[in-house]
Amino acid sequence: WRAKITINAEPTIEADYQGLHVAMLYAQEGLSLTHDPYFLPEYKNNDLPSDQVRKLAKNLVLTAINAKEKASSYRAFRDSFPKGHVGKTLSNKNLDTLLDAILTKNPCLADHLFTDQGIRLMRKDSEITALIHNHFTAKGIPVLSVHDSYIVECSLIGELRKVMADASEQVVGRPLNLSVNIP
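Each residue of the sequence shown is one higher than the last, beginning at 87 in the working numbering.
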């Protein structure tokens with residue numbers, strides 16, 4: 087439905103931050119996230135397709151960022167899936183293996199998992215969003231936000247990209263990578 091949104095009878099376009107919370111942790115370590123942190127082609131488990139492994143990895147990382155310890159993170163990970171989903175059936179050993187693959191690709195995350203970082207990162211996320219909304223509101227331009235993505239009239243994509251880069255740099259110390267979802 088997002089692709090059907092119009093503003094002032096004009097088509098819209100959406101831009102979002104790539105791996106926002108992971109990118110913030112990379113920035114905190116003085117690094118740039120230049121790859122998809124969840125794409126793990128070397129990870130093999132029950133011949134799962136790479137897109138499903140990516141979704142499982144993303145869920146595990148975000149759950150681990152928000153958890154205080156590993157056991158509760160693994161429980162929350164499994165609880166997040168509906169009955170019959172492969173994520174529900176992964177054992178702690180399977181999740182350890184997946185986590186090892188994630189940390190091999192993203193070693194700077196090791197000290198940030200199972201440390202209850204979620205609220206702090208969500209606060210920074212909201213500071214970025216406030217800067218973006220304040221910029222466009224001051225100019226009388228509507229902008230919609232959905233989590234870490236922002237929707238504006240197509241003609242404003244260049245300005246949106248610049249404002250998003252400036253806002254992330256102001257909050258986390260460096261511009262974060264963006265992607266544009268062309269309707």
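Positions of the beta carbon are idealized from the N, C-alpha and C atoms, including for glycine.
Whose C-alpha, out of the options, is nearest the C-alpha of residue i?
i: Asp197; options: His221, Tyr236, Leu242 and Val147; result: Val147
i: Ala251; options: Pro97, Leu217, Gly170 and Met208; result: Leu217
i: Leu207; options: Glu100, Thr98, Asp102 and Gln114; result: Gln114
i: Asn267; options: Trp87, Ile91, Ile99 and Leu181; result: Ile99
i: Leu184; options: Lys154, Gln203, Asn145 and Leu106; result: Asn145
i: Gln256; options: Leu181, Asp211 and Thr223; result: Asp211
Check for me: the beta strand (DSSP E) holding residue i runs from which residue to which?
i: Ile99; result: Glu96 to Tyr103
Can you give me the C-alpha to C-alpha distance between residue i and residue j, rounded to a whole angstrom?
i: Ala150; j: Ala95; result: 42 Å
i: Leu199; j: Asn152; result: 8 Å
i: Leu246; j: Asp186; result: 36 Å
i: Ile188; j: Leu195; result: 9 Å
i: Lys90; j: Leu230; result: 13 Å
i: Pro168; j: Thr175; result: 10 Å
In this structure, how does DSSP classify residue i when only helix, strand and coil are distinguished?
i: Leu230; result: strand
i: Thr120; result: coil
i: Thr92; result: strand
i: Ile237; result: strand
In chain order, what residues of the same chain have a beta carbon less than 6 Å from the beta carbon of residue i, not counting five sequence neighbours either side?
i: Val285; result: With the chain covering 87 to 269 only, the question about residue 285 has no answer from this structure.
For the ligand NAD, is there a heavy atom less than 8 Å away from the beta-carbon of residue i?
i: Ile268; result: Among the components modelled here there is no ligand, and therefore nothing to report on the ligand NAD.
Spell out whether any CB of chain B is found under 9 Å from the CB atom of residue i.
i: Arg206; result: The structure shown contains no chain B; it is built from a single protein chain.
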